[in-house]
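Written out below as structure tokens is the structure these notes cover.
There are 4 protein chains.
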Amino acid sequence: MLVVMQHGATQAQVDGVVRTIEEMGYQARAMPGAQRTAVGLVGNDGRVDSSRIEALEGVAQVIHVSQPYKQVSREWRPENTIVTIAPGVAFGGDEIPVIAGPCSVESEEQILAAARAVRDAGAVALRGGAFKPRSSPYAFQGLGRKGLELLAIAREETGLAIVTEAMDDEGAHLVAEFADCIQIGARNMQNYSLLRSVGRIGKPVLLKRGLAATINDLLLSAEYILAEGNSQVILCERGVRSFDPAVRNMFDLTAVPLVHKLSHLPIIADPSHGTGLRDKVTPMARAAIAAGADGVMVEVHPTPERALSDGGQSLYPDQFASLVRELRAIAGAIGRTLAVQPGTRSAARV
Amino acid sequence: MLVVMQHGATQAQVDGVVRTIEEMGYQARAMPGAQRTAVGLVGNDGRVDSSRIEALEGVAQVIHVSQPYKQVSREWRPENTIVTIAPGVAFGGDEIPVIAGPCSVESEEQILAAARAVRDAGAVALRGGAFKPRSSPYAFQGLGRKGLELLAIAREETGLAIVTEAMDDEGAHLVAEFADCIQIGARNMQNYSLLRSVGRIGKPVLLKRGLAATINDLLLSAEYILAEGNSQVILCERGVRSFDPAVRNMFDLTAVPLVHKLSHLPIIADPSHGTGLRDKVTPMARAAIAAGADGVMVEVHPTPERALSDGGQSLYPDQFASLVRELRAIAGAIGRTLAVQPGTRSAARV
Amino acid sequence: MLVVMQHGATQAQVDGVVRTIEEMGYQARAMPGAQRTAVGLVGNDGRVDSSRIEALEGVAQVIHVSQPYKQVSREWRPENTIVTIAPGVAFGGDEIPVIAGPCSVESEEQILAAARAVRDAGAVALRGGAFKPRSSPYAFQGLGRKGLELLAIAREETGLAIVTEAMDDEGAHLVAEFADCIQIGARNMQNYSLLRSVGRIGKPVLLKRGLAATINDLLLSAEYILAEGNSQVILCERGVRSFDPAVRNMFDLTAVPLVHKLSHLPIIADPSHGTGLRDKVTPMARAAIAAGADGVMVEVHPTPERALSDGGQSLYPDQFASLVRELRAIAGAIGRTLAVQPGTRSAARV
Amino acid sequence: MLVVMQHGATQAQVDGVVRTIEEMGYQARAMPGAQRTAVGLVGNDGRVDSSRIEALEGVAQVIHVSQPYKQVSREWRPENTIVTIAPGVAFGGDEIPVIAGPCSVESEEQILAAARAVRDAGAVALRGGAFKPRSSPYAFQGLGRKGLELLAIAREETGLAIVTEAMDDEGAHLVAEFADCIQIGARNMQNYSLLRSVGRIGKPVLLKRGLAATINDLLLSAEYILAEGNSQVILCERGVRSFDPAVRNMFDLTAVPLVHKLSHLPIIADPSHGTGLRDKVTPMARAAIAAGADGVMVEVHPTPERALSDGGQSLYPDQFASLVRELRAIAGAIGRTLAVQPGTRSAARV
């Protein structure tokens, strides 16, 4: 940590900073400059609260040199973490799993139709919301426990792994009972009580980036889960708020190489929420794989025009099938492959 | 709601939109234009899910004309809602309460010193976190229940109303036991489980705007609370994410007149988080009152340079005292007054 | 400047950074830390191009400690610069001038009606575009030279100082001939050829903040003008791009105290563009004065519903008159006054 | 255009809107709704200035249904425009040209080394700035005319087409003399005088997206060029301002499919400015091709650690060569090819 003093700070003020740093149990190293003095704090273990120093007289700015997170950092663990949510469905290795399915579970018929369609096209995991965080309290909020039961039936029927969202502690325990991976949605990325809860449950977690979260914020939220002893965390880029009303969100794919550099955790991308527009999903899913994403998550509905939510950004099953073919070719172009369901390996390669 | 068809949409596509609208139970009204046809949906009760229509063939765009919220709307209730959290501490009328206190409750000595200082300077409510949502799991997370007990002692001693944050359902019940107003922090603004919980508890709620929340999002989150039967909601502008690293957040004071036009709920402003810099708090608190805010919430610490959190944006007690004098003058300039503690009315006017 | 090395950077890489800094003519000071080494560059005169260092092996990040601007800095000149554009119309002192007028000059009748109305209400300068930067090439682009001539007539008639925009070098010379202050619009804030041009012309310049400009960017653009020898620069906050479609721009009033701390130049605020909505102009103009702005610039049109541009954000003359009364009271509450036309001082105080 | 009236607007106010629309020469169509009345404006030719209507009594909001641009629109011209800047260097068809080179032209030796390296790796056009828009007036501003002459020598030597930036009218004429394509930088995207100037010159133009420009703004700026009779415009995504300091800009690749849907103009991507970090350039260049970009523009320097500008985001020649191989594979995966220099077709395929 570097404490930059104001231009014209007095020696007494510099001494005050040095003394405070030493009181906090660290070493201080003053560095006089042409325009202003800086004081380095040496020995930062990631627990220094800079606010105490920012409040001192004569301090212009505190600059953080160390990363504020630890266990999620690639400096802490250089090799990729591979998160396996079900046999053959592993994130972070050379194989890239595709997760697909409807925004919400609506009925047994709907979720089974969706599951069969996405499996046949090449997906290895099924998404579908049972608990839906909706901006409006009057919008469809999901089938709840019944939705989870229908997802379990779909898994039974298709062999797909299940990824579905939890919105609170109680729901997280319920989701853990039925699903292979607990999703934390963008709006709850900084719901620290929920992060601690899924940390303790110990199931794999899919953590979506918040609407205005920096990569640093995303990694700190993941750190909450790892700090509880659960390192099975998959990060997910799903678009952030922007000034351009032409899209629902701005899909920030640079997050993929950024996370790969800073952390050992896998990161996937969700081009459906990332763009919010059906005809943008296909090119941006391709771009995600080309950027190095460890998976993609795509909304597919058997009949989007009848969907209870997100119909406008859901692919038709045949659009999804042709997308998977393109993704397979792009993965190949960068030396990776799409994951295939165990037992169907040869067929899927065709 | 207005459905804009693509240029060159066929009559069959227009008919498809009309039929779907009618199936959903509303009236459709086609409006051919020079460049493209639009179809109006008449009778929108705020529950229309546009995604189903966005997914139809030939649709270019769906434009929402009605507001998606209801009970929070000024069209639903034209007169201001006055939220009274304690005797003499009412938000939304001509009198403007000032809430002040430290970021976190740290000790009995600290909170009592803070409470006495802010009361003497003119505050009528005390802030102070017992449950702290911190970006890092390793930062100070608050004293929990013990912190609430200390706040209760401070109320006993000073007569100040207590405002403090809850982060989950369990915490909300605990806060409701000890405090006068439950704060929902920016990071939890779209934690719908928590919003429903505080809606059911029925205590006054201070709802802070999320880091990337539009005014529409903020009002929809408030709608969650009102939908549970609790209309005692105070909104709070506290800065949003921006591209300028010069400040922690961008303080969007236009939120004040925007909310006043759209909703009957009171809105206050928090210039401490809104700017993140001590020397910006005073001018921006003044600006908040001038913009018409129904209250301000300011971080004040007896010894900011020893604060466990947010020391760099906390005012010294004497800075706060001189701020309150300026706020009183500005309130007077626009025909309002600062609220004063019952029984001290004449003194405070001096 | 501080060069932060990667965790695990080799001694040879650290030496490479030290050597490069010395080759560039500065001193290097290595500072080993618990997690990583940093190297300070001492003697930065504001001309260091960090890119060369960023490109070196083992460098994680380059942190700028010095400000990149010089002449605009308060460290360069501690006292406020007072920019006087006409007798009695000075920005940066205790008196606060109000600039008002229509978006565009449309006709002699219109600009004279506007000028008289705003002068009678208390403005001391007249705004009005002759060259209009419009997003669409098909929108009204202003009357050009004819518009400047009409502004000169309005000055003759009312005694108001004239502020109007130039969009290119040729236009800047023309504006300089007719007006008292050359406005550079937000879209041209980083049009460096134009900045240099108005720097050389030497007339007072009103420099509006760009739509996505940080305060640092704004000050650097001002530095271009000062670097040509013209220190008569008034900065202007006029709203920046945001994610909320509820307003045209997000009005960032914290820019006012930020600039006051960093620079000696005056800063005014334009709540008309800053909000884009007529009924938000009054509260936000008040907020600007309360935040410490050195002036406000407000769009006023004799008949907004007939305006050729920006009618929706223009005040009616009587709204403006009552706004000025409120501004006067708020200025008084913080120990300042509104500027009044020379010779009318006693009358305007009524 | 749709004019939404306030809830409770009177019949007289609705009539006022109808009358104004008719006065402006269009048809008005009132559409009463459950909550509020809307009035459609029929016959909009793209020239309606909505501000006049926004200013009317009782109007809540004006919604634009038609696109504000015309000649750039795909509705105006359904087939792709192919912009050919030199033999074999065509943007908008199946072949994808790669533009590469240093940030700035620094010397004959440097530009020739760069040109040979990028040509050998597979680029078909050379970039390199002679006029550099720099945030600081004290930074290297380019060699000016001398830089253009060196670019001409590099073209002579390598056969590469030349793309270089102009910052003002005078510079644009000079660039037109020496280069094959005039670049308008992000900071000048709304410098309408310059847009008109390059529209009249008639050379191909590479128009970069501004730092806070919506896609709509970008297309409107292109419209300025087309309105002068020059339809040889290539758009360029180069990152926009964001809240995340982890990257210099947020690279918004969804711009590519968005522009392809709305306009017939080609769009390329610049991952060097789009990310600002060398190790992010390769993955994001791949993503750009996968998203459908009609070209990429990459900064390559023979010795980045000695570059006078942008060294930290410039690729080493061997990094660029391996990038081009990956781009070729990804282009193939989506049915396109990279453009190759005429006469080297068979060699480049190796």
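Protein chains in written order, with the numbering used here: chain A, 260 to 609; chain B, 260 to 609; chain C, 260 to 609; chain D, 260 to 609. Cβ coordinates follow ideal geometry from the N, Cα and C atoms, glycine included.
{"query": "Looking at chain C, is there any beta carbon in it that lies within less than 8 Å of the beta carbon of isoleucine 593 of chain B?", "result": "yes"}
{"query": "Cβ of serine 394 of chain A less than 8 Å from any chain C Cβ?", "result": "no"}
{"query": "Under three-state DSSP, which class holds leucine 465 of chain D?", "result": "strand"}
{"query": "Which residues of chain A have a Cβ atom closer than 7 Å to the Cβ of methionine 426 of chain B, listed in chain order?", "result": "Tyr451, Ser452"}
{"query": "Listed from N- to C-terminal order along the chain, which residues in the stretch 313-341 of chain B have their beta-carbon within a distance smaller than 7 Å of any beta-carbon of chain G?", "result": "The structure shown has no chain G; the protein chains it does contain are A, B, C and D."}
{"query": "Whole angstroms are fine: how far does the CA of asparagine 508 of chain C sit from the CA of alanine 544 of chain C?", "result": "15 Å"}
{"query": "Do we get a CB-CB distance below 8 Å when we pair alanine 289 of chain A with the residues of chain C?", "result": "no"}
{"query": "Are valine 262 of chain B and valine 298 of chain B closer than 8 Å when you measure CB to CB?", "result": "yes"}
{"query": "Got a sec: is the Cβ-Cβ distance from alanine 389 of chain C to anything in chain D below 8 Å?", "result": "no"}
{"query": "I need the straight-line Cα distance from histidine 266 of chain C to glycine 551 of chain A, nearest angstrom please.", "result": "24 Å"}
{"query": "Would you mind sorting lysine 467 of chain A into buried or exposed? The rule is 16 or more other CB atoms within 10 Å of its CB.", "result": "buried"}
{"query": "For lysine 405 of chain D, is the classification buried or exposed, using 16 other Cβ atoms within 10 angstroms of its Cβ as the cut-off for buried?", "result": "exposed"}
{"query": "Taking all protein chains shown into account, do 16 or more other C-beta atoms lie within 10 angstroms of the C-beta of proline 463 of chain A, making it buried, or fewer, making it exposed?", "result": "buried"}
{"query": "Output the distance between the C-alpha atoms of arginine 595 of chain B and isoleucine 589 of chain B, rounded to the nearest integer angstrom.", "result": "8 Å"}
{"query": "Which partner residues does valine 499 of chain A have in the DSSP bridge list?", "result": "A:Met509"}
{"query": "Applying the 10 Å Cβ sphere with the 16-neighbour rule, what's the burial state of isoleucine 412 of chain D?", "result": "exposed"}
{"query": "Leaving out the 5 sequence neighbours to the left and right, which residues in its chain are closer than 6 Å to serine 531 of chain A when beta-carbon positions are compared?", "result": "Val540, Val557, Glu558, Gln572"}
{"query": "Which one of B:Val276, B:Ser452, B:Lys391 has the shortest CA to CA distance from aspartate 401 of chain B?", "result": "Looking at the sequence provided, one finds glycine at residue 401 of chain B rather than aspartate. When each option's Cα is compared against that of glycine 401 of chain B, the closest is B:Lys391."}
{"query": "If I follow the unbroken alpha helix (DSSP H) through threonine 417 of chain D, where does it start and stop?", "result": "404-417"}
{"query": "Grab the span of the beta strand (DSSP E) containing isoleucine 421 of chain B for me, first residue to last.", "result": "420-424"}
{"query": "In terms of residue numbering, what span does the beta strand (DSSP E) encompassing glutamine 330 of chain B cover?", "result": "Per DSSP, glutamine 330 of chain B belongs to no beta strand (DSSP E) and is neither H nor E."}
{"query": "Taking all protein chains shown into account, decide if proline 327 of chain C is buried (16 or more other Cβ within 10 angstroms of its Cβ) or exposed.", "result": "buried"}
{"query": "Can you tell me whether DSSP reads glycine 591 of chain C as helix, strand or coil?", "result": "helix"}
{"query": "Quick check on the burial criterion: 16 or more other C-beta atoms within 10 angstroms. Buried or exposed for arginine 584 of chain C?", "result": "exposed"}
{"query": "Quick one: any contact between the stretch 359-375 of chain D and the stretch 328-346 of chain B, if contact means 3 or more CB pairs under 8 Å?", "result": "no"}
{"query": "Strictly below 7 Å CB to CB, what residues from chain A border proline 504 of chain C?", "result": "Pro504"}
{"query": "Can a CB atom of chain A be found closer than 8 Å to the CB of phenylalanine 399 of chain B?", "result": "yes"}
{"query": "Work out the CA separation of alanine 471 of chain B and valine 518 of chain B for me, nearest whole Å.", "result": "16 Å"}
{"query": "Could you list which residues in chain A have their beta carbon closer than 9 Å to that of phenylalanine 510 of chain D, in chain order?", "result": "Asp511, Leu512, Thr513"}
{"query": "Using the C-alpha atoms, what's the distance from isoleucine 280 of chain A back to tyrosine 397 of chain D?", "result": "37 Å"}
{"query": "What does DSSP give as the partner residue(s) for glycine 299 of chain A in the beta ladder?", "result": "A:Leu261, A:Arg288"}
{"query": "What is the DSSP secondary structure of threonine 343 of chain D, counted as helix, strand or coil?", "result": "strand"}
{"query": "Would you call the CB atoms of leucine 407 of chain D and alanine 384 of chain D closer than 8 Å?", "result": "no"}
{"query": "Figure out for me which residue from C:Leu574, C:Ser581, C:Gly535, C:Ile593 has the closest Cα to the Cα of aspartate 553 of chain C.", "result": "C:Ile593"}
{"query": "In this structure, what does DSSP give as the bridge partners for serine 363 of chain C?", "result": "C:Gly388"}
{"query": "Do you know how far the Cα of serine 581 of chain A is from the Cα of isoleucine 370 of chain A?", "result": "21 Å"}
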